[in-house]
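Notes follow the structure.
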């Protein structure tokens, strides 16, 4: 499911409003956490559209690697397909450790309140 950008980046932001980068980008959220059936062990190479700077895979035996990789997927997803590399159990376990823009975190928690439990 695509949550549209808060503001149209091709039009001026209303006067008096301070929009940041994340307000101008769409956010992708799955219809259900059950749709997240990605791997939970081994290594996972992220697509270049998700992780272009370091090109490091997610190592599921390293919690920092998982947190970094999962945050990148949530920030950079451009379609529902990008989200399918995530795993529901892993996401639920690391959710509180993910450094995410407020708009993305709020959208996911609004759709899936169990993430905050």
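In my numbering, the protein residues as written are 3 to 119.
Note that beta-carbon positions come from the ideal geometry of N, C-alpha and C, so glycine has one too.
Since the structure is predicted, the reported quantities are computational estimates derived from the model, not experimental observations.
With contacts defined as CB atoms closer than 8 angstroms, residue 75 and residue 87 qualify as a contacting pair. Annotation for residue 79: 30 and 85 place their beta carbon closer than 6 angstroms to its own, counting only its chain and skipping 5 residues before and after. When the Cα atoms are used, residue 98 and residue 64 turn out to be separated by approximately 16 angstroms. Residue pairing for residue 45: DSSP places it in a beta bridge opposite 61. For residue 54, the three-state secondary structure derived from DSSP is coil. 89 is the residue among 33, 36, 89 and 44 whose C-alpha sits nearest the C-alpha of residue 72.
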